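The numbering used here puts the sequence shown at residues 356 to 492. Every residue, glycine too, gets a C-beta built ideally from N, C-alpha and C. None of the values given here were measured: they were computed from a predicted structure. Reviewing the structure listed below.
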Amino acid sequence: MKKPKTLFSIHRSGYMLRLDFKDDKQNIQSLHIQSHWRFIKQGEIFVGSFDFSRLFDEDKKDKWGNTLADIFLQELESSLPLNVSSIKLGVFGDIQIVLDDKLVFECFIDTSSKTLECYRWIDASFNPPKHIVFNEE
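Written out as structure tokens, the structure reads:
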């Protein structure tokens with residue numbers, strides 16, 4: 356699997372976050388995250404997974420897209436693509452991805468279960484696409 360070169364798209368489906376990357380040959384790789392995550396900007400936590408449960412505008416209540424996380428993701432989407440500087444995998448499977456402008460994405464393994472899926476890395480350069488699942492026995 357090749358190291359991704361750029362982050363070009365961010366999506367969410369319910370509480371799952373998906374980051375889409377391209378490698379130097381323009382192959383698409385995606386990270387689907389079901390565990391806790393956060394973006395750090397200029398040394399501060401800018402947004403995290405719990406921000407999907409925090410409303411941006413109290414008057415709009417349950418309107419789709421009205422969370423602090425949605426507002427950040429829209430802002431981040433407008434600044435894409437971002438270059439990937441480095442990717443680190445921690446001893447427990449945590450992921451750290453450093454992007455342009457010192458923006459850092461971190462995903463945390465938040466369970467002791469060996470059967471729950473915390474995230475999935477999909478590499479579309481393979482046919483069929485290769486799926487790497489953490490935490491798969």
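Run through the DSSP bridge pairs and tell me what residue i is partnered with.
i      : result
Phe394 : Val402, Phe460
Lys443 : Gln451
Asn438 : Thr361
Would you grab the beta carbon distance between residue i and residue j for me? Rounded to a whole angstrom, and I think it's under 8 Å.
i      : j      : result
Val439 : Thr361 : 6 Å
Ala423 : Asp406 : Residue identity differs from the one stated: residue 423 is Leu in this sequence, not Ala. The pair is a contact, with the Cβ atoms about 4 Å apart (cut-off 8 Å).
Residue i lies in the alpha helix (DSSP H); which residues open and close that run?
i      : result
Gln381 : Looking at the DSSP string, Gln381 is not in any alpha helix (DSSP H), and its letter there is neither H nor E.
Ser433 : 423–433
Among residues of its own chain, excluding the 5 on either side of residue i, which ones have a beta-carbon nearer than 6 Å to its beta-carbon?
i      : result
Asp379 : Lys360
Gln451 : Lys443, Glu461
Phe394 : Phe401, Val402, Phe460
Would you kindly report the start and end of the unbroken beta strand (DSSP E) that includes residue i?
i      : result
Leu362 : 361–368
Lys485 : 485–489
Asp465 : Per DSSP, Asp465 belongs to no beta strand (DSSP E) and is neither H nor E.
Output needed for residue i: all residues of its chain with C-beta closer than 7 Å, excluding positions within five of it in sequence on either side, in chain order.
i      : result
Gln389 : Met371, Glu472, Cys473, Tyr474
Excluding the 5 residues flanking residue i on each side, which residues of the same chain have their C-beta closer than 8 Å to its C-beta?
i      : result
Arg367 : Arg373, Phe407, Ala424, Asp425, Leu428
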